[in-house]
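Participant: Residues -25 to -1, 1 to 585 (mature numbering (1 follows the signal peptide of the UniProt record, and there is no 0)) make up the sequence shown, in order. The beta carbon of each residue, even a glycine, is placed where N, CA and C say it ideally should be. Just passing along the structure, written as structure tokens.
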Amino acid sequence: MIAVAKIKIGLFALLVALTAPGTIAFYCRHEVATNCFLYASVETIQTTDAASVCGRVLDEMKANHGQAREYANMFGLGETEAGLFCLFDSMRKAEIGLGLKGSPFFLRKDDITSALGGQDDELFDGFFTMEDLEKAVKDDFLDASRGSTDNRKGWKISSVSNPRGDSFEEARMRFEDVQQALEKGTVILNAAGAHIPKLAGLCLAATDATSTPNAMNLYVTSNGKRTSAPPHTDKQDVVVVQTSGKKFWRVYMPTDPSAKPMADLFARGKGDDNLPLHVLEENGTLLLETTLNAGDVLFIPAGFPHTTGTAFDDSEEEDTSVHMTINVDTHVWELDYLSARRLVLRRGCVQDSALGQSQEDENRYCGKVNTLPKDLHSDIFDAIPLGFLDEAPVANVASVESVSNELSRRAKGVDAATYAKIDERLWKETVRRLRIHGMELVSIHRDMYLAALEEGLARNLEEEMTAHLDKPKKKAMTPERMQRLSLFRVQRYYEQINKCKADLVAWSYAGKASDSAGLPEDWAFSLPLKVGDQVEADLGGAFFPATVTRVANNAYDVKFFDGDMESGLERSMLKLLAPPVVHSDEPDTASMTKKQLKRWKKQQEKKGKH
């Protein structure tokens, strides 16, 4: 720990070996102050593993940029959206690894431009600036938060603005509110891709390239902040795209979960959980250190601690730093093996005596799970492979069959005794239901981003129609225009998302699949169907998830998640995804606290059960 106010350390291209196997890095000159850093625009640190990943991603981008432009043209998008689609598609094809099995890496602007054929050297550079943010705030009803900057404590978030009165205009956040907040910390706009039309195309591209329901946050930091984000981890795998100014980043090896089992590995250093910088510096392994300039890209896997700053020793006046983080949200949407295991146990009414944390209001990433052996812990935290939510999965590892087998194998490794109590049909049944859930979420997110794109086109047309006026009239806030503001436009999609999440939870609690005794071997194609049943419909030899909407005279109508309908299907063309269920009211006592268990026992005694 540094005891003096400021110590200058000159390390000129000192080759050091980090503790991670196969890791080599270069440290270069920087200044260090007590619990904060002053950064220089110098060489970087990156592991050899990460450098290998970079090469694979860039090779894929070179091979696939033509396909990305075709995708962008299909939706009327530009080169920037095509570039981002190509980046995400290439990361997926390069099998970069997500979460705890991932590796942080960065790509320079020039390398990205070269991989995409060198036709647009700006691409991400300047795509979204402070001028764009000012326009977005003036055109809409946006909300923003401000992050704390104390790197000794957890990252805390506060609101940028509060209503100044009762009127609509007085309730809106102003650009001057953003400017004032920047003096104290980083300004954060969550779900910016849903709210700001200019950013919606990027989110659509990332969602389509990965077949996952993705989101984007926007981060704005003024120059000169020694700490713009204290050390913390995220639940999402994030792709950072620097669009204006520059920012310094440090990324570390994930912390040992067994050292603090009740801490969420995906939310370290947030809220009341402290992850001080000096602890990472003394005990952690620095994997990556770099300055991102406009046009550069950085990938940080979920669970990897990182910290940022915008104070540089070159004294050159820099633009305000603006960067986007486009998230791969597997853990957010239950698309990992730990979440799937919990759903199986709930569905089967089996108490989780091994890990607990089985109730919906309990954090599955905390507790006994963090005391598992390292390899097993990493396995059960692993994300389900990208491609799982493709309409027709190409990769065998992403098929329902493969994911079901992997889920079963990993769950058995966690606790064989609990595993033995599970009806073996539940593994595949749950994976199928999770796929339906995920595909519906992807569809909702796509609709949300398409709606934002349409709103952007409408606003551009309105501006063109008034561009000839010397002094354009202030736009009247009519009821119709108010409903187009992001505050209201996005709300209906969030309601659909929340319903989708609630439906999965309700399904998991609905009960155990009925015993196989008495059921015919072909029950999936022979049991009676009713309206609302989840099925897979056979259309020309390929099965697609659907919902039964009408039953009449042994003919069935179904609706697919993209809204398409098919009518008059025969029973043999529909595969029922789960047999009838029986319900159980028995509570999961294994996940109860001592106080909850004591209260439950007293209730049972009053009922005469004990």
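In whole angstroms, what separates the C-alpha of TYR14 from that of LEU401?
Facilitator: Caution is warranted here: a pLDDT of 45 is assigned to TYR14, below 50, making its placement in the model unreliable, and the coordinate value is therefore given only provisionally. Cα to Cα, TYR14 sits roughly 53 Å from LEU401.
Participant: May I ask you to report which of helix, strand or coil DSSP gives SER186?
Facilitator: Coil, per DSSP.
Participant: What distance in whole Å lies between the Cβ atoms of LEU416 and PRO308, which are believed to be in contact at a cut-off of 8 Å?
Facilitator: According to the sequence shown, residue 308 is Trp rather than Pro. Rounded, the Cβ-Cβ distance is 6 Å, consistent with contact.
Participant: Does DSSP put ARG243 in a helix, a strand or coil?
Facilitator: Reduced to three states, the DSSP call for ARG243 is coil.
Participant: So, helix, strand or coil for ARG574, using DSSP?
Facilitator: In the structure shown, ARG574 sits in a helix (DSSP, three-state: H, G or I).
Participant: Tell me the DSSP secondary structure of MET237 in three-state form.
Facilitator: It is coil, neither helix nor strand.
Participant: Using a 10 Å radius around the Cβ and a threshold of 16 neighbouring Cβ atoms, would you call ARG384 buried or exposed?
Facilitator: Counting Cβ neighbours within 10 Å, ARG384 comes out exposed, since fewer than 16 surround it.
Participant: What separation, rounded to the nearest whole angstrom, lies between the Cα atoms of ARG467 and MET440?
Facilitator: Cα-Cα distance, rounded: 29 Å.
Participant: Would you mind working out which of PRO360, THR300 and ALA442 sits nearest ARG67, comparing C-alpha positions?
Facilitator: The candidate whose alpha carbon is nearest that of ARG67 is PRO360.
Participant: Span of the alpha helix (DSSP H) holding THR23?
Facilitator: Element bounds for THR23: 23 to 49.
Participant: In terms of alpha-carbon separation, which member of VAL526, GLU541 and LEU504 lies closest to PHE519?
Facilitator: Here the closest residue by C-alpha is GLU541.
Participant: Quick check on the DSSP output: the alpha helix (DSSP H) that includes GLU376 runs from which residue to which?
Facilitator: Segment 375 to 389, the alpha helix (DSSP H) holding GLU376.
Participant: Could you give the residue range of the beta strand (DSSP E) that holds LYS550?
Facilitator: 549 to 551 is the extent of the beta strand (DSSP E) around LYS550.
Participant: Cutting at 7 Å between CB atoms, please list the residues of its own chain near THR208, excluding the five before and the five after it.
Facilitator: Correct list, in chain order: LEU240, PHE241, ALA242, ARG243, GLY244, GLY278, PHE279 and PRO280.
Participant: Report the residue from GLU399, VAL162 and VAL28 whose alpha carbon sits nearest the alpha carbon of THR295.
Facilitator: Considering only alpha carbons, the answer is VAL162.
Participant: Closest to ALA25 by CA distance: which of PHE63, GLY77 and CYS61 is it?
Facilitator: Measuring from the Cα of ALA25, the nearest candidate turns out to be GLY77.
Participant: Would DSSP call MET540 helix, strand or coil?
Facilitator: Strand at MET540.
Participant: Can you check which of these residues, ILE301, ALA367, LEU432 and LEU436, is closest to ARG410 by C-alpha distance?
Facilitator: That would be ALA367, whose Cα lies nearest to the Cα of ARG410.
Participant: Indicate the three-state DSSP secondary structure (helix, strand or coil) for PHE279 in the structure shown.
Facilitator: Of the three classes helix, strand and coil, the one that applies to PHE279 here is coil, per DSSP.
Participant: Exposed or buried, LEU436, counting other C-beta atoms within 10 Å across all chains shown (16 or more means buried)?
Facilitator: Exposed: under 16 other Cβ atoms inside 10 Å.
Participant: Considering only the alpha carbon of each residue, which of GLU511, LYS576 and ARG574 lies closest to LEU544?
Facilitator: It is GLU511 whose Cα lies nearest to the Cα of LEU544.
Participant: Is there contact between the region 305 to 325 and the region 380 to 394, where contact requires at least three CB pairs shorter than 8 Å?
Facilitator: Cβ pair count under 8 Å is three or more, so yes.
Participant: Any idea what DSSP makes of LYS349, helix, strand or coil?
Facilitator: It is helical.
Participant: Since GLY284 sits in a beta bridge, which residues does DSSP pair it with?
Facilitator: DSSP lists PHE223 as partners of GLY284.
Participant: Give the straight-line distance between the Cα atoms of ASP490 and TYR484, rounded to the nearest whole angstrom.
Facilitator: At ASP490 the pLDDT is 43, less than 50, meaning the model places this residue with poor confidence; the figure from the coordinates comes in the next sentence. When rounded, the distance between both Cα atoms is 17 Å.
Participant: Using 8 Å as the threshold, is the region 156 to 175 in touch with the region 423 to 437, meaning 3 or more CB pairs across them?
Facilitator: Judged by Cβ distances under 8 Å, the region 156 to 175 makes contact with the region 423 to 437, as three or more pairs qualify.
Participant: Buried or exposed: where does ASN189 fall if 16 or more other Cβ atoms within 10 Å of its Cβ makes it buried?
Facilitator: With 16 or more Cβ atoms within 10 Å of its Cβ, ASN189 is classed as buried.
Participant: Who are the Cβ neighbours of PHE99 in its own chain at under 6 Å, not counting the five residues just before and after it?
Facilitator: Same-chain partners within the cutoff: VAL216, THR218 and GLY270.
Participant: Check for me: the beta strand (DSSP E) holding THR161 runs from which residue to which?
Facilitator: Run containing THR161: 161 to 164, per the beta strand (DSSP E) assignment.
Participant: Where does THR218 sit, in a helix, a strand or coil, going by DSSP?
Facilitator: Note: THR218 maps to strand in three-state DSSP.
Participant: Which residues in the same chain have their Cβ closer than 6 Å to the Cβ of GLN578, if we skip the five residues on either side of it in sequence?
Facilitator: So the list is empty, once near-sequence residues are dropped.
Participant: My assumption, with CB atoms under 8 Å, is that LEU262 sits in contact with TYR227. Please give the rounded CB distance.
Facilitator: About 6 Å separates the two Cβ atoms, so the contact holds.
Participant: Skipping 5 residues on each side, what residues in its chain have a beta carbon closer than 7 Å to that of ASP64?
Facilitator: ASN39, ALA43 and ALA184.
Participant: Could you tell me which of HIS298, LEU460 and PHE81 sits nearest to THR265, measuring between CA atoms?
Facilitator: With distances taken between Cα atoms, THR265 lies closest to PHE81.
Participant: To which residues does DSSP link GLU264 through a beta bridge?
Facilitator: According to DSSP, GLU264 bridges with ILE20 and ARG225.
Participant: My assumption, with CB atoms under 8 Å, is that GLY507 sits in contact with VAL523. Please give the rounded CB distance.
Facilitator: Indeed they touch by this definition, with Cβ atoms about 6 Å apart.
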